[in-house]
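Okay, so here's the structure we're looking at.
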Amino acid sequence: MAFRVLIVDDSATTRKIVRRTLELARVPLADVGEAPDGLAALQLLRERRFDVVLADINMPQMNGMELIAAMSRDAQLATIPVIIVTTEGSLQRIHELHRMGAQGYIHKPFAPEKIRDIFRGVMGDWDDEADEGAA
Amino acid sequence: MKLTKALLEKVSARVLADTAFLMPEPLVTDPPPASRWSAIGVRILFSGPVRGYVEVWTPRAIARRLAANMLGRDISDPDVEENELDALMETVNIICGNLLLEVAGRDPIFHLGTPRTCRRLVPFTQRDPGTDVWLSLEGEALLVRMRVAAEKTRAA
Chain A
24 MAFRVLIVDD
34 SATTRKIVRR
44 TLELARVPLA
54 DVGEAPDGLA
64 ALQLLRERRF
74 DVVLADINMP
84 QMNGMELIAA
94 MSRDAQLATI
104 PVIIVTTEGS
114 LQRIHELHRM
124 GAQGYIHKPF
134 APEKIRDIFR
144 GVMGDWDDEA
154 DEGAA
Chain B
735 MKLTKALLEK
745 VSARVLADTA
755 FLMPEPLVTD
765 PPPASRWSAI
775 GVRILFSGPV
785 RGYVEVWTPR
795 AIARRLAANM
805 LGRDISDPDV
815 EENELDALME
825 TVNIICGNLL
835 LEVAGRDPIF
845 HLGTPRTCRR
855 LVPFTQRDPG
865 TDVWLSLEGE
875 ALLVRMRVAA
885 EKTRAA
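Those protein sequences? They're chains A and B, same order as listed.
So in our numbering, spot 120 of the first sequence is number 143, and the numbers just go up one at a time.
So in our numbering, spot 101 of the second sequence is number 835, and the numbers just go up one at a time.
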């Protein structure tokens with residue numbers, strides 16, 4: 024099992040860091056897409072198939088919370104899990120994100136092990152050896 | 735918890751270590767004079783129960799090192815130079831988010847703005863107070879500053 028992941032963040036550097044951390048965490052990746060904000064993410068989600076979205080909260084055009092809300096209104100996208108990756112850490116915000124439908128929350132800075140654990144919690148377990156063998 | 739130099743130093747050092755594997759030390763020499771210091775600065779504004787900003791200033795060489803380590807690339811990689819400012823912005827973003835958690839706890843919601851470059855380093859004064867901490871990183875100075883402005887009024 025390899026995942027098609029969409030990384031949404033207005034910082035190109037942060038998108039690269041998230042991608043690199045996924046690789047360091049040995050998350051099996053079939054495809055990685057990138058979008059600079061929620062609006063661009065929605066467009067990409069309608070053009071390509073993704074298994075999971077990793078999104079920041081603070082972004083121009085459409086922020087991470089608006090993206091979750093827009094995805095939940097779209098029957099095609101409502102089942103795609105969203106994991107929020109952010110520096111914001113208030114409990115109220117985390118509860119709000121979960122209530123809106125976010126399935127995971129990663130607080131920055133994050134280590135590969137942390138991203139791996141949360142990714143596993145949301146996407147389910149995968150067989151490391153099988154994926155290494157396939158690679 | 736109140737913002738102190740020690741807290742600013744602790745959080746900044748932790749973020750630099752966790753994001754870029756860099757281990758800063760407190761700067762033991764005199765800070766470089768602002769007028770002659772060739773550094774780039776980035777600022778992020780925050781608002782919530784209190785508002786203010788966090789800034790990070792450092793020479794371009796350290797921003798480049800940050801980008802290289804964050805991206806896992808060699809410092810001579812052209813992609814690193816392209817990402818050095820963005821890496822500094824991500825650093826100030828993470829320092830700010832983590833500082834607010836330490837200072838205000840996990841209850842209040844803060845809104846963090848988009849990091850921007852600063853045009854000049856304006857020293858804090860008694861009328862315009864803030865906390866700053868000088869760190870040393872690979873022989874260069876790095877300045878982290880936080881200003882907490884007036885508390886939001888509860889009116890109307």
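C-beta: ideal position from N, C-alpha, C; glycine also.
*Figure out for me which residue from B:739, B:742, B:750 and B:737 has the closest Cα to the Cα of residue 133 of chain A.*
As a first step, residue 133 of chain A is located in the first sequence; it is residue number 110 there, counting from the start. Measuring from the Cα of residue 133 of chain A, the nearest candidate turns out to be B:750.
*Which value, in whole angstroms, describes the spacing of the CA atoms of residue 829 of chain B and residue 762 of chain B?*
The residue you call residue 829 of chain B lines up with position 95 of the second sequence. The residue you call residue 762 of chain B lines up with position 28 of the second sequence. Taking the straight line joining both Cα atoms gives about 22 Å.
*asked:* Less than 8 Å between the C-beta atoms of residue 103 of chain A and residue 127 of chain A, yes or no?
replied: One-based indexing of the first sequence puts residue 103 of chain A at position 80. One-based indexing of the first sequence puts residue 127 of chain A at position 104. No, they are not a contact pair.
*Under a Cβ-count criterion, where at least 16 other Cβ atoms within 10 Å of its own Cβ denotes burial, should residue 109 of chain A be classed as buried or exposed?*
Indexing the first sequence from 1 puts residue 109 of chain A at position 86. Buried: at least 16 other Cβ atoms inside 10 Å.
*Of all the CB atoms in chain B, is at least one closer than 8 Å to the CB of residue 156 of chain A?*
The sequence position of residue 156 of chain A within the first sequence is 133, counting from 1. With a pLDDT of 49 at residue 156 of chain A, under the threshold of 50, the modelled position of that residue is not reliable, and the figure given next carries that caveat. Not one chain B Cβ lies under 8 Å of residue 156 of chain A.
*Give a yes or no on whether 8 Å exceeds the smallest Cβ distance from residue 842 of chain B to chain A.*
As a first step, residue 842 of chain B is located in the second sequence; it is residue number 108 there, counting from the start. Chain A, which has a Cβ nearer than 8 Å to the Cβ of residue 842 of chain B, makes this yes.
*Note the first and the last residue of the continuous alpha helix (DSSP H) segment covering residue 737 of chain B.*
For the purposes of this step, residue 737 of chain B is identified with residue 3 of the second sequence, where counting begins at 1. Note, residue 737 of chain B: premise wrong, no alpha helix (DSSP H); not H, not E.
*Around the Cβ of residue 760 of chain B, are there at least 16 other Cβ atoms within 10 angstroms (buried) or fewer (exposed)?*
Counting from 1 along the second sequence, the entry for residue 760 of chain B is found at position 26. With fewer than 16 Cβ atoms within 10 Å of its Cβ, residue 760 of chain B is classed as exposed.
_Residues in the same chain with beta-carbon distance under 8 Å from residue 56 of chain A, minus the five sequence neighbours each way, listed in chain order, please._
Locating residue 56 of chain A in the first sequence gives position 33, where the first residue counts as 1. Hits under 8 Å: 27, 28, 29, 30, 67, 71 and 73.
*Any contact of the segment 797 to 816 of chain B with the segment 856 to 870 of chain B, i.e. 3+ C-beta pairs under 8 Å?*
no
*Is the shortest distance between the beta-carbon of residue 30 of chain A and the beta-carbons of chain B less than 8 Å?*
Here residue 30 of chain A refers to the residue found at position 7 when the first sequence is read from its first residue. It does not: the Cβ of residue 30 of chain A has no partner Cβ on chain B nearer than 8 Å.
*Name the one or two DSSP bridge partners that residue 825 of chain B has.*
Residue numbering aside, residue 825 of chain B sits at position 91 when the second sequence is read from its first letter. Per DSSP, none; premise fails for residue 825 of chain B.
_Under the three-state DSSP convention, the category residue 29 of chain A falls into_ = Walking along the first sequence from the start, residue 29 of chain A turns up at place 6. Reduced to three states, the DSSP call for residue 29 of chain A is strand.
*By a C-beta neighbour count over all protein chains shown, 10 Å radius and 16 as the cutoff for buried, is residue 714 of chain B buried or exposed?*
A query on residue 714 of chain B cannot be resolved here, the shown segment of chain B reaching from 735 to 890 and no further.
*Which residues bound the beta strand (DSSP E) around residue 789 of chain B?*
Numbered from its first residue, the second sequence carries residue 789 of chain B at position 55. Run containing residue 789 of chain B: 784 to 792, per the beta strand (DSSP E) assignment.
*asked:* For the pair the segment 769 to 785 of chain B and the segment 838 to 847 of chain B, tell me if three or more CB-CB distances fall below 8 Å.
replied: Of all C-beta pairs linking the segment 769 to 785 of chain B to the segment 838 to 847 of chain B, three or more are shorter than 8 Å, placing the two stretches in contact.
*Buried or exposed: where does residue 823 of chain B fall if 16 or more other Cβ atoms within 10 Å of its Cβ makes it buried?*
Numbered from 1 along the second sequence, position 89 holds the residue referred to as residue 823 of chain B. Per the 10 Å Cβ criterion, buried.
_Can you confirm whether residue 775 of chain B, when its beta carbon is compared against all beta carbons of chain A, has any partner nearer than 8 Å?_
Within the second sequence, numbered from 1, the residue matching residue 775 of chain B stands at position 41. Residue 775 of chain B does not count as touching chain A.
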